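Remarks on the structure that follows.
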Amino acid sequence: MNTKAKKLIFAALILLLAVAACQSMFGDGMHVNIDGDTIDGPLGALLAVVFGGAGMLLAGVIMVCVALFLCVLFASLGILAVFGVGLVAVVAAAAVSPLLLPLLVPIGLYWLLVSRPRKQRRVATTEQAV
């Protein structure tokens, strides 16, 4: 972008800000109504800006609080979902376990026979190290 366009954009921005400032100070567009009393002019513009800024600040604080609440809520819901899936798996295994007993007996015997030599090797290596 060339410098002439930059200067033109800057001048247009300054002009728009000047028009907005004149409208807020000398225009009758801003007035505040407090308990039936209408306040307009520069004081009305000042009060409108102050109350508008305070409202925006309050909205920002409320949005941060809601975001923190939702983070805690969804994290706890995730933990509950994982717990629920685990509970369903345990209940399903308990319901199916009598049917799997003929399969579990040979698997248990194989596990027992494989783990005994491993234990004896571990005991032998610890005794040699001492």
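Take the sequence shown: its letters are residues -20 to -1, 1 to 110, numbered as in mature numbering (1 follows the signal peptide of the UniProt record, and there is no 0).
Backbone N, C-alpha and C fix where the C-beta goes; we use that ideal spot for every residue, glycine too.
For clarity, every value in this text was computed on a predicted model and none was experimentally measured.
Would residue i be called buried (16 or more neighbouring beta carbons within 10 Å of its own) or exposed?
{"i": "A25", "result": "buried"}
Confirm, please, whether the CB-CB distance from residue j to residue i is below 9 Å.
{"i": "V12", "j": "L27", "result": "yes"}
{"i": "S77", "j": "L84", "result": "yes"}
{"i": "S4", "j": "V30", "result": "no"}
What's the C-alpha gap between residue i and residue j?
{"i": "L89", "j": "C51", "result": "48 Å"}
{"i": "K(-15)", "j": "L(-5)", "result": "15 Å"}
{"i": "V103", "j": "A61", "result": "42 Å"}
{"i": "L67", "j": "F54", "result": "20 Å"}
{"i": "C45", "j": "I59", "result": "21 Å"}
{"i": "P22", "j": "A39", "result": "25 Å"}
{"i": "K99", "j": "V65", "result": "34 Å"}
May I ask whether a heavy atom of the ligand GDP can be found less than 8 Å away from the beta carbon of residue i?
{"i": "L50", "result": "The ligand GDP is absent from the structure shown, which contains no ligand whatsoever."}
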